[in-house]
Amino acid sequence: MTKRVFGLRPSQERDQRRRDRKSNSPETVSDLARLIGFILSDWRFNSSRTGDLQCHEFRHDLGVWDKQPTRCIKAFSRTDGFSFHSSQQSITMVSNYFITAALALAATASAQCGSGTPDATVDGEEGAYTASVGGSEVYSGDDYYAAITAGLDGISSGQRLSIIASGSIGSNVIDIDSGKIFEGCGTIDVQENSGRGNIRSLGTTDVQIPYLSLTGAPYFGLHFYGVSGLSLGEITMNLSGGIGIRFERDEAANTDVSMDVINVTGAGSHAVETWNIDGLTINQVIARDVGECGLLIQATTNAQIGTVDAENVAAGTGYAAFRMANQNGRLADGSYETNVFVENVIATGGGRGVFCVSESGGVEIANVEISDTENNSILIENCYGVSILGGTVTGGGEIRISARDEFEITSDVSISLEANGVTVAENPCGENITWDISGDATLDVCSA
């Protein structure tokens, strides 16, 4: 079975757990407190084997997790080395993980966008920008895009560009090469460039975007394909159209992609859309007033997703806060062994809540909080190996298992939750369907 890692995931998220660095990271400190409470009150760990070591080192000068480690954090794995059990009992095994994790979280508290000594910077204000590399000025003028390009061209793999200034690049495109670290500390305004992303990285390895604040109406705000080891940190997009983040469908596939907190408001289409990723880790996607999906994952395997939090997303459409489509979760051998894990889906208003379609599956959703969607609260259509373990659905559209004629009928689905003020339906009947529904919902299912 695919490994599911709990706790810190530094090998995949070098800039993990960064919260509001500019205010001395009070949330990072509270993250530490929550971690302590989480371990002490909720979990008992037992070790039967050595387990995997996931190594990292926090670089204070770069504000990132270094892939060349000098110290290690031991992460707890669902199937490889450690088991876990929900419990109020005392911890039977914490080992050096807890101590190292605490130190790592404390270390991140001192980091912020532009902190330390960046290898290159873009500073200034509208009409007067400067770019410096290694302390030497490489651009001075009124062109914000030219300043960014000069700074980015002046660094090499493993070096960091911090864009302190705010400004507009119009419809221009910024390309980030392998190994470069691109920090958007100021706000970058963009305009549409048809079929292209304003900030992109194509066919690259180990690119990092720890921080980015984007405004405007892009075609794609961030655009990727053929990437490996891509790390996105705290990404905030206040848009008036377009797609926030897009991984391309008909180009080279991607591996080992991580995202921390992606916050998108006002996208005309999807907040985050992925295609063809093997190895995806997302902490949180926050979508507000987005035209289509909050998070849409397609042809993606071995994924671990924290929270999808959507309000007024996909209103008036068949899209959803969280949508899986186009054989998402289908492994290379054609099986649907569980390999996509989602901790929480929150959907308030908008179109659908959770939507699985077109031969997708292999997914476990731990909890849902869905209310007042105008379309299906949950729709599972021609999907296989889907489990929803708990949560609530209140008002809104029906919970339904369905199927179209062009695919095999829906099978191996288990839904356990509280539903109030909604209908629960199964039509046509699926195979190996398990319902565990509490609340006042009206049930019209084949078996319960």
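Note that the UniProt record's numbering numbers the sequence shown so that position 151 is 151, with each residue one more than the last.
Cβ atoms here follow ideal geometry from the backbone N, Cα and C, with glycine treated the same way.
Residues near residue i in its chain [Cβ-Cβ closer than 6 Å; skip 5 each side]
{"i": "phenylalanine 182", "result": "Leu161, Ile176 and Ile209"}
{"i": "threonine 274", "result": "Phe247, Ile297 and Thr300"}
{"i": "leucine 230", "result": "Val207 and Val257"}
{"i": "arginine 249", "result": "Trp275"}
{"i": "phenylalanine 220", "result": "Gly197, Ile243 and Arg246"}
{"i": "threonine 338", "result": "Gly362 and Glu364"}
{"i": "arginine 323", "result": "Cys293, Leu296 and Phe355"}
{"i": "serine 414", "result": "Ser387 and Thr434"}
{"i": "asparagine 312", "result": "Asp289, Gly349 and Gly350"}
Test item: CB-CB of residue i and residue j under 8 Å
{"i": "valine 290", "j": "alanine 267", "result": "yes"}
{"i": "glycine 244", "j": "valine 264", "result": "yes"}
{"i": "alanine 425", "j": "arginine 400", "result": "yes"}
{"i": "isoleucine 409", "j": "glutamate 431", "result": "yes"}
{"i": "cysteine 356", "j": "tyrosine 319", "result": "no"}
{"i": "leucine 417", "j": "threonine 434", "result": "no"}
{"i": "tyrosine 139", "j": "alanine 131", "result": "yes"}
{"i": "asparagine 376", "j": "glycine 349", "result": "no"}
{"i": "phenylalanine 341", "j": "isoleucine 388", "result": "no"}
{"i": "isoleucine 174", "j": "aspartate 123", "result": "no"}
{"i": "glycine 395", "j": "glycine 421", "result": "yes"}
{"i": "threonine 121", "j": "glycine 151", "result": "yes"}
{"i": "leucine 232", "j": "glycine 216", "result": "no"}
{"i": "aspartate 436", "j": "threonine 423", "result": "no"}
Closest residue to residue i among the options (Cα-Cα distance)
{"i": "proline 428", "options": "Gly197, Gly439, Cys446 and Asp436", "result": "Cys446"}
{"i": "proline 218", "options": "Asp206, Asn312 and Ala271", "result": "Ala271"}
{"i": "aspartate 153", "options": "Ser168, Ile282 and Gly179", "result": "Gly179"}
{"i": "leucine 202", "options": "Thr215, Val227 and Ile378", "result": "Val227"}
{"i": "glycine 167", "options": "Arg200, Glu126, Ser269 and Gly135", "result": "Glu126"}
{"i": "threonine 236", "options": "Val413, Asp189 and Ser269", "result": "Asp189"}
{"i": "glycine 279", "options": "Pro118, Arg288 and Met259", "result": "Met259"}
{"i": "glycine 195", "options": "Ala332, Leu222, Arg288 and Thr205", "result": "Leu222"}
{"i": "isoleucine 277", "options": "Ala332, Ser269, Ala287 and Gly241", "result": "Ala332"}
{"i": "cysteine 185", "options": "Gln112, Gly241, Gly135 and Thr204", "result": "Gln112"}
Alpha-carbon to alpha-carbon, residue j and residue i
{"i": "valine 133", "j": "leucine 212", "result": "20 Å"}
{"i": "glycine 116", "j": "glutamine 191", "result": "31 Å"}
{"i": "alanine 102", "j": "glycine 334", "result": "Residue placement at alanine 102 cannot be trusted, given a pLDDT of 40 that sits under 50; what the coordinates show is reported in the next sentence. Each residue's Cα considered, the two are about 41 Å apart."}
{"i": "threonine 373", "j": "asparagine 193", "result": "33 Å"}
{"i": "valine 285", "j": "threonine 307", "result": "6 Å"}
{"i": "glycine 114", "j": "glycine 316", "result": "41 Å"}
{"i": "alanine 403", "j": "glutamine 159", "result": "50 Å"}
{"i": "alanine 303", "j": "glycine 141", "result": "44 Å"}
{"i": "serine 171", "j": "alanine 252", "result": "25 Å"}
{"i": "serine 438", "j": "phenylalanine 224", "result": "43 Å"}
{"i": "glutamate 137", "j": "asparagine 254", "result": "36 Å"}
{"i": "alanine 146", "j": "isoleucine 169", "result": "9 Å"}
{"i": "aspartate 309", "j": "isoleucine 155", "result": "36 Å"}
{"i": "tyrosine 336", "j": "valine 386", "result": "9 Å"}
{"i": "threonine 281", "j": "alanine 314", "result": "23 Å"}
Secondary structure of residue i, DSSP reduced to three states
{"i": "glycine 151", "result": "helix"}
{"i": "tyrosine 225", "result": "strand"}
{"i": "tyrosine 145", "result": "helix"}
{"i": "glutamine 284", "result": "strand"}
{"i": "glycine 351", "result": "coil"}
{"i": "leucine 202", "result": "strand"}
{"i": "cysteine 356", "result": "strand"}
{"i": "glutamate 431", "result": "strand"}
{"i": "phenylalanine 341", "result": "strand"}
{"i": "threonine 410", "result": "coil"}
{"i": "valine 308", "result": "strand"}
{"i": "threonine 92", "result": "Note on threonine 92: pLDDT 31, under 50, position unreliable in the model; no value is reported."}
{"i": "leucine 212", "result": "strand"}
Chain-order list of residues whose beta-carbon lies under 8 Å from that of residue i (same chain, five-residue window excluded)
{"i": "glutamate 359", "result": "Asn326, Gln327, Arg330, Asn382, Cys383, Tyr384, Phe407 and Glu408"}
{"i": "asparagine 367", "result": "Glu343, Asn344, Val345, Leu389, Gly390 and Gly391"}
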